[in-house]
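A.B. asks: The listed protein sequences correspond, in order, to chains A and B. Take the first sequence: its letter number 387 is residue 387 in UniProt numbering, and every next letter is one higher. Take the second sequence: its letter number 179 is residue 179 in UniProt numbering, and every next letter is one higher. By construction, the Cβ of each residue, glycine as well, lies at the ideal position given by its N, Cα and C atoms. In this text the structure is predicted, and so the values were computed from the model without any measurement.
2 protein chains.
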Amino acid sequence: MTLLQNESVHATYRVRDKEQQLQKRAEGIAIGLTIGTWTELPQARLKQVSAHCGQVEGIHVVSEAEDGQVVADITVSYPVANFDATFAALLTTVFGKLSMDGEIRLVGLKIPTSLQKRFPGPKFGVAGCRERYGVQSRPLVMSIFKACIGLRLPELVGQFEAQSLGGVDLVKDDEIFFTEQYATPEERVVAYRDTARAVAEQTGRITHYAVNLTGPVHRLLDRARRLSELGAGALLVNVVAYGFDVVADLARDPDVHVPILAHPAVSGAMYGGDTYGIEADIVLGQLARMAGADMAIFPSMYGSVTLGRRATDNLLHHLRDETSVHKTSLPAPSAGIYPGLVPQLYEDFGDDFIVNAGGGIHGHPQGAAAGGKAFVAAIEAVGHGMSLEQAALSSEPLAAALKKWGPTK
Amino acid sequence: MTLLQNESVHATYRVRDKEQQLQKRAEGIAIGLTIGTWTELPQARLKQVSAHCGQVEGIHVVSEAEDGQVVADITVSYPVANFDATFAALLTTVFGKLSMDGEIRLVGLKIPTSLQKRFPGPKFGVAGCRERYGVQSRPLVMSIFKACIGLRLPELVGQFEAQSLGGVDLVKDDEIFFTEQYATPEERVVAYRDTARAVAEQTGRITHYAVNLTGPVHRLLDRARRLSELGAGALLVNVVAYGFDVVADLARDPDVHVPILAHPAVSGAMYGGDTYGIEADIVLGQLARMAGADMAIFPSMYGSVTLGRRATDNLLHHLRDETSVHKTSLPAPSAGIYPGLVPQLYEDFGDDFIVNAGGGIHGHPQGAAAGGKAFVAAIEAVGHGMSLEQAALSSEPLAAALKKWGPTK
Ligand SMILES: [Mg+2]
Ligand SMILES: [Mg+2]
Chain A
1 MTLLQNESVH ATYRVRDKEQ QLQKRAEGIA IGLTIGTWTE LPQARLKQVS
51 AHCGQVEGIH VVSEAEDGQV VADITVSYPV ANFDATFAAL LTTVFGKLSM
101 DGEIRLVGLK IPTSLQKRFP GPKFGVAGCR ERYGVQSRPL VMSIFKACIG
151 LRLPELVGQF EAQSLGGVDL VKDDEIFFTE QYATPEERVV AYRDTARAVA
201 EQTGRITHYA VNLTGPVHRL LDRARRLSEL GAGALLVNVV AYGFDVVADL
251 ARDPDVHVPI LAHPAVSGAM YGGDTYGIEA DIVLGQLARM AGADMAIFPS
301 MYGSVTLGRR ATDNLLHHLR DETSVHKTSL PAPSAGIYPG LVPQLYEDFG
351 DDFIVNAGGG IHGHPQGAAA GGKAFVAAIE AVGHGMSLEQ AALSSEPLAA
401 ALKKWGPTK
Chain B
1 MTLLQNESVH ATYRVRDKEQ QLQKRAEGIA IGLTIGTWTE LPQARLKQVS
51 AHCGQVEGIH VVSEAEDGQV VADITVSYPV ANFDATFAAL LTTVFGKLSM
101 DGEIRLVGLK IPTSLQKRFP GPKFGVAGCR ERYGVQSRPL VMSIFKACIG
151 LRLPELVGQF EAQSLGGVDL VKDDEIFFTE QYATPEERVV AYRDTARAVA
201 EQTGRITHYA VNLTGPVHRL LDRARRLSEL GAGALLVNVV AYGFDVVADL
251 ARDPDVHVPI LAHPAVSGAM YGGDTYGIEA DIVLGQLARM AGADMAIFPS
301 MYGSVTLGRR ATDNLLHHLR DETSVHKTSL PAPSAGIYPG LVPQLYEDFG
351 DDFIVNAGGG IHGHPQGAAA GGKAFVAAIE AVGHGMSLEQ AALSSEPLAA
401 ALKKWGPTK
């Protein structure tokens, strides 16, 4: 029953239990989530069945807990032969029934290359996004619509124009923008595309539009192709709300010619607690990248909606891990981002990331265009090794932003 | 800004916060998850936009907590005009960004008829399932394969045959059965269908097969149609792992002629905690039914993997609520079910439910066929107002089951 390590998915679970129960519990998982039982099989059949059997790979006590219990990490491996190329299979096998089995949290997942290869991963990746958006050697800047719902197309176009006048690379829809009462996604893509071209004649820079991809699953692929044809800059997809396999279909499709921008909506329902659910870095980093997220939004460490430092580091690792067979993804830390934070963002995220701002653009005292300019100026400053204060001497928008929000938090 | 109550989705959140913060927090949700902002809109435009604005419907303090905080339920309404006919829209709007906003749990969801109508609901429902399976006025009996993974088709057929000889109505796949290495779902459906017919010549009863629906999303509908044509008895679907919208597509399709049996795999990742995530009755009851679950599996109150009594009652309410526009769903409480529990099951679930057993069938001292017969005998006994002990006098399988597992727990 020896399996090569790279032929199994390794899942690590954090549990609370009596120490002497851990081995039995781990074995129960390894058998229960694979072949179910060892009994009543003729000897001749054991070999075939054993090739599908889970194995206990390790038990590690993390800390003492109350009532004579311990907190421990249990690692179980599942042969890749048990999976098909779907997240449904992956998640159901490693955390299906088990997710309902008392206090247990999925904290780690190692997926061997042979299985990774069967998932699409990003079609563009960091390099492809940089090429498509014409931005090399600096972070990208993405602006979030202040509001979308209830507005008519001309009002939305006005917002898009103001944002693109600031020189941002991308403008993204609200992820909650589903109503088509006043403007369909197709109409928005066309209108913003034309606006972006007109603005580019003034600014020399084209702003791309990340359109919220909406509608029933059976029409999503056609809509993605159509929006792609019409000139969408990216597809904003509520990955958890739709399901990872739905996103993988988009990433696999050769006629969807735009990057996927993954939104983390609803993911907090899975990662929110400490003792149940699935770690944020798995949901928003590892699985999102495997599904095809070229860019991945997640709560920054700076806002009121936050991920901790360690969760962020783990998430970054998954988006950038070079041992993966997939292209890398661009991290887009979100919430609480203002121009004075740009040097800190560089420190925390390096060069390859997206500066994603809503309030930090629309709240600018001189309006959204100035808000975008302040970010662009801050990024140029860091790129040239200048302090923001120094750069502010030649950028009125940056000066005003620093005055309002400060150079650091 | 008056909206009729039935034109909004009402979501109730349990939060922990300072009491004096609750109103502001609730307003922030109502605005933040709809129109985003009130400022900078010309007066003439306020009316249109206000039709899309969320409203605080109520704040109810549940209990005192530590640090001068309280636990409270906040109810916010979202105009139906903000939604399209997808779970992606529903979940992203009411619990998208919000799921990541600190300690918060979605504990209630009221969906007005106008929006409910845009979701499919069960195609068969309780009455349709009863008609299809030829079972009136008693609970259905469903047997779970002891093991699936790694077995060749003849071995699987042998298991199916043993189970159907017990007279059970349905036999379901393991939800973790994804590998097609030894037998495809199509091959299994055909083989079990023929087996069921042969067995029916002896027993007079046909056993139906709930086949695990697997594969990438873009091929799922075709596969469902094909399995339906070939004679599948039900489609077992990992609803949370695939996504509710994927299931809704199956339920909407006129060429899928079989009931959907919803499996709760991965749902514990969402409902497991107390302070984050989404209540189990919403995930496994309300949303599953809206998506098209004719039958809904959930952890019973009796096993080691359990839902509490209140969660179970709420879940049952959602599956059976007659004020819904959708057909009702059959509850299938699972785990820890053995023949002696049948009277208790009747008490807890009435007549319309599924007796779903794995260990309670395969663990029978005389084998799986006797295990099924014991359940059938127990159900007949209760139906005729007999005690199990009395019925066991004329049913050797039931007598053996009572001897092994007891008349009650
Ligand atoms: Mg917003
Ligand atoms: Mg099983």
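Within 7 Å (strictly less), CB to CB, does A147 of chain B reach chain A?
C.D. replies: yes
A.B. asks: Nearest chain B C-beta to Q55 of chain A closer than 7 Å, yes or no?
C.D. replies: False, the Cβ-Cβ gap to chain B never drops below 7 Å.
A.B. asks: Which of the three DSSP states, helix, strand or coil, is assigned to M290 of chain A?
C.D. replies: DSSP places M290 of chain A within a helical segment (H, G or I) once states are collapsed to three.
A.B. asks: Taking a Cβ distance cut-off of 9 Å, strictly less, list which residues of the region 95-112 of chain A are near chain B, in chain order.
C.D. replies: F95, G96, K97, L98, S99, M100, D101, G102, E103, I104, R105, L106
A.B. asks: Near P407 of chain B, what residues of its chain come up, given a Cβ to Cβ distance below 7 Å and the 5 sequence neighbours on each side ignored?
C.D. replies: For P407 of chain B, same chain residues with a beta-carbon under 7 Å away, outside a window of 5 residues either side, are G340, L388, E389 in chain order.
A.B. asks: Am I right that residue 440 of chain A and L156 of chain A are in contact with their C-beta atoms under 8 Å? What's the rounded C-beta distance?
C.D. replies: Outside the shown range of chain A (1 to 409) lies residue 440 of chain A, about which nothing can therefore be said.
A.B. asks: For my contact list, G371 of chain A and G383 of chain A are in at a C-beta cut-off of 8 Å; report their separation, rounded to the angstrom.
C.D. replies: Not quite, the Cβ-Cβ distance comes to about 19 Å (not below 8 Å), so this is no contact.
A.B. asks: Threshold first: 3 residues or longer. Then list the beta strand (DSSP E) segments lying entirely within the region 183-217 of chain A, N to C.
C.D. replies: 208-212
A.B. asks: Looking at chain B, is there any beta carbon in it that lies within less than 7 Å of the beta carbon of L33 of chain A?
C.D. replies: yes
A.B. asks: With 16 as the cutoff for other CB atoms within 10 Å, does P397 of chain B come out buried or exposed?
C.D. replies: Under this definition P397 of chain B is a buried residue.
A.B. asks: With respect to the alpha helix (DSSP H) encompassing Y242 of chain A, which residues constitute its N-terminal and C-terminal limits?
C.D. replies: 239-242
A.B. asks: If the cut is a Cβ gap below 8 Å, which residues of chain A does H52 of chain B touch?
C.D. replies: I149, G150, T179
A.B. asks: Does V70 of chain A come out as helix, strand or coil in the three-state DSSP assignment?
C.D. replies: strand
A.B. asks: Return yes when the Cβ of T312 of chain B is within less than 7 Å of the Cβ of R320 of chain B, no when it is not.
C.D. replies: no
A.B. asks: Can you pull the chain A residues whose beta carbon is under 9 Å from the beta carbon of D84 of chain B, in chain order?
C.D. replies: F178, T179, E180, T214, G215, P216
A.B. asks: Are the C-beta atoms of M270 of chain B and some chain A residue less than 7 Å apart?
C.D. replies: yes
A.B. asks: Have a look at N212 of chain B and L402 of chain B and give me their C-alpha separation to the nearest angstrom.
C.D. replies: 31 Å
A.B. asks: Answer with buried or exposed for R105 of chain B, where buried requires no fewer than 16 other C-beta atoms within 10 angstroms of its C-beta.
C.D. replies: Only buried fits R105 of chain B, as 16 or more other CB atoms lie within 10 angstroms of its CB.
A.B. asks: Near Y302 of chain B, what residues of its chain come up, given a Cβ to Cβ distance below 8 Å and the 5 sequence neighbours on each side ignored?
C.D. replies: P333, A335, G336, I337, L341, Q344, K409
A.B. asks: For S77 of chain A, name the three-state secondary structure that DSSP assigns.
C.D. replies: strand
A.B. asks: What does the alpha-carbon distance come out to for the pair G96 of chain B and F244 of chain A?
C.D. replies: 16 Å
A.B. asks: Tell me whether the beta-carbon of G32 of chain B lies closer than 7 Å to the beta-carbon of A269 of chain A.
C.D. replies: no
A.B. asks: What three-state label does DSSP hand T92 of chain B in the structure shown?
C.D. replies: helix
A.B. asks: What is the residue span of the beta strand (DSSP E) that K123 of chain B lies within?
C.D. replies: Taken as a continuous stretch (DSSP letters only), K123 of chain B belongs to no beta strand (DSSP E), as it is neither H nor E.
A.B. asks: Is the distance from the Cβ of D169 of chain B to the Cβ of Y192 of chain B below 7 Å?
C.D. replies: no
A.B. asks: Do the region 15-27 of chain A and the region 113-125 of chain B meet, that is, are 3 or more Cβ pairs less than 8 Å apart?
C.D. replies: no
A.B. asks: Within 7 Å of any Cβ in chain A, is that where the Cβ of A88 of chain B sits?
C.D. replies: yes
A.B. asks: Can you tell me whether K47 of chain A is buried or exposed, with buried defined as 16 or more other CB within 10 angstroms of its CB?
C.D. replies: Exposed, since its Cβ has fewer than 16 Cβ neighbours within 10 Å.
A.B. asks: Can a CB atom of chain A be found closer than 7 Å to the CB of G243 of chain B?
C.D. replies: yes
A.B. asks: So if I threshold CB-CB distances at 8 Å, which residues from the region 276-294 of chain A count as touching chain B?
C.D. replies: Y276, G277, I278
A.B. asks: Look at the alpha carbon of V258 of chain B and the alpha carbon of T207 of chain B, and state the distance between them as a whole number of angstroms.
C.D. replies: When only Cα atoms are considered, V258 of chain B and T207 of chain B end up about 14 Å apart.
A.B. asks: Output yes if chain A places a C-beta closer than 7 Å to the C-beta of A81 of chain B; else output no.
C.D. replies: yes
A.B. asks: Alpha carbon to alpha carbon, what distance is there between I297 of chain B and I283 of chain B?
C.D. replies: According to the sequence displayed, residue 283 of chain B carries Val and not Ile. Each residue's alpha carbon lies about 12 Å from the other.
A.B. asks: For the candidate residues A:G292, A:P112, A:T275, whose alpha-carbon lies nearest to that of V80 of chain A?
C.D. replies: A:P112
A.B. asks: Output the distance between the C-alpha atoms of G385 of chain A and I379 of chain A, rounded to the nearest integer angstrom.
C.D. replies: 10 Å
A.B. asks: Based on Cα-Cα distance, which residue from B:A399, B:V240, B:K373, B:Q366 lies nearest to S99 of chain A?
C.D. replies: The candidate whose alpha carbon is nearest that of S99 of chain A is B:V240.
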